[in-house]
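To start, the structure itself, in structure tokens.
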Amino acid sequence: MPNTNMEDLITIYDVTPNDTLVKIGQKIGMTADEVRDFHNLNCERNGLMWFNNLVGIEKIVLPKNYKSAAQIRKENLAAVPLKMMAPDFFAKTYEVLESYESDFENKVEIAYTLDIQLKKMEENQIKGFVSSIHCYDFKKNGEKPDDKMSELSIACAEIIAPINLIISPEGKISGIFQFEKLLKTFEEKRKDLEDFFIGEVSAKYMDQFAKSLSDEKYFEKQIRSTLLYQVLFPSMIWFYKESAWKEEFYLVKNSFPINCIFNVDFIHLDEAKIQTDIKGEIQDKISLQELLKGKKFEEEPEEPVVGLVELKYTTHKNTKQMLYAEAGVALLLEGEIYRKQKILLSKI
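Residues 1 to 348 in the UniProt record's numbering are what the sequence shown spells out, letter by letter.
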């Protein structure tokens, strides 16, 4: 990042006989106190006198391109996505890169392509959307998976693709659309898999996969607790937050959601793009064992796990479309990183 000279940030203003701190401030959107305090903070390095009022003062230091909190808020609101989910929020296709690291395993990278469509729901007068999602072209550490279990896992998922999710007007997942059709589709096409994937291990995997498709609550939890879907479907109100808030988030797949405290910051990358940066930390006192087992214990842990979450959304200021989405989740125990996961979605 290039260095910024002080001259680029301040200007020396010539005080006129009719000037007051209030009048000067009104010209640039500052209060009288803000004008005085800014000058007094920067006057010495600019060879000027500190003051309480303008009596005898000929020059004062003012900020260039000053923006009040209200101005900044107004610019942010004009740039971020809409308050309610809209079909145009998504591009048609994204490249996805996920990485997993832990203190007991080597880093693994999974890359794939994701197609997504969002259509208004027109059934039973329910407001919301149906999102059709198809993930394909998987690669593990840059190579196409060639072991039988990975191939079987991908083949099972491909049979029932695309997955159709019910999305609320606020942007969150609220259910699986026509869930009962998933099992029916799998059973109709299972014979094709059995002709290629033979053996007891493959049969048991397909049985377990079919079982998951008969339990809507379990299947929905799998979806909700996956980092991909938590990132892909943000609560649209996140883009309008002004202060810290508490919200549940899954830090471990198939576990339970945890209360986290989140804060948000907005960064105008250029004239066309804005980045919404959301950072969160676990508020609940939870042990690592509870998280990994997906079950809360009665007693409070002696050494609670530290959980950190960061979500970054780069969106277009005019089209309101998501160009990039990035997220990271880290679990720390006794100051050491136990496990971390990252994901990056990039519009193609």
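From the three backbone atoms N, C-alpha and C, an ideal C-beta is built for every residue, glycine too.
Check: Ends of the beta strand (DSSP E) at Gly175?
Finding: Segment Ile173 to Ile176, the beta strand (DSSP E) holding Gly175.
Check: Which residues bound the alpha helix (DSSP H) around Ala330?
Finding: It is not in any alpha helix (DSSP H) - Ala330 instead sits in the beta strand (DSSP E) that spans Met322 to Leu333.
Next item on the list: Just the C-alpha distance for Lys189 and Ile159, rounded to the nearest angstrom, thanks.
Entry: 7 Å
Checklist line | Nearest candidate by alpha-carbon position, reference Tyr240, set Cys43, Tyr205 and Leu82 | finding: Leu82
Notebook entry, point to check: From this set, Ala69, Val252 and Val55, which residue's C-alpha is nearest Glu34's C-alpha?
Noted result: Ala69
Checklist line | Cβ-Cβ distance between Asp103 and Tyr338 below 8 Å | finding: yes
Note to self: Helix, strand or coil, according to DSSP, for Gln283 in the structure here?
What the structure shows: coil
Check: For Ile274 versus Phe266, is the C-beta spacing smaller than 8 Å?
Finding: yes
Next item on the list: Look at Ala155 and Leu97 and say whether their C-beta atoms are less than 8 Å apart.
Entry: no
Check: If you compare alpha carbons, which of Ala325, Asn40, Met149 and Asn76 is closest to Glu242?
Finding: Asn76
Next item on the list: Could you check what DSSP says for Ala32 in three-state terms: helix, strand or coil?
Entry: Residue state, collapsed to three classes: helix.
Item checked: Neighbourhood of Ala111 by C-beta distance below 6 Å, restricted to the same chain and skipping five residues each side -> Leu97 and Lys139
Next item on the list: Take the Cβ of Pro234 as the centre, count every other Cβ of all protein chains shown within 10 Å, and call the residue buried at 16 or more, exposed below.
Entry: buried
Note to self: To the nearest angstrom, how far is the alpha carbon of Glu326 from that of Ser99?
What the structure shows: 12 Å
Next item on the list: Using DSSP bridges, identify the partner residues of Ser102.
Entry: Residue pairing by DSSP puts Ser102 in a beta bridge opposite Glu105 and Arg339.
Check: What residue does the alpha helix (DSSP H) around Thr185 start on, and which one ends it?
Finding: Glu180 to Phe196
Checklist line | Neighbourhood of Val306 by C-beta distance below 6 Å, restricted to the same chain and skipping five residues each side | finding: Leu332
Margin query: Whole angstroms are fine: how far does the CA of Glu151 sit from the CA of Tyr145?
Written below: Going by the sequence as given, residue 145 is Pro instead of Tyr. For Pro145 and Glu151, the distance between alpha carbons rounds to 7 Å.
Checklist line | Exposed unless 16 or more other CB atoms sit within 10 angstroms - verdict on Glu303 | finding: Residue burial annotation: Glu303 is exposed, with fewer than 16 other C-beta atoms found within 10 angstroms of its C-beta.
Next item on the list: Check the DSSP bridge columns for Asn259 and list the partner residues they point to.
Entry: Glu248
Checklist line | DSSP state of Thr4 mapped onto helix, strand, coil | finding: Its pLDDT being 49, under 50, Thr4 is placed unreliably by the model, and the measurement read from it follows with that caveat. Thr4 sits in coil when the DSSP states are folded into three classes, being neither helix nor strand.
Next item on the list: Say whether the stretch 34-52 touches the stretch 275-285, bearing in mind that this needs 3 or more beta-carbon pairs closer than 8 Å, one atom from each stretch.
Entry: no
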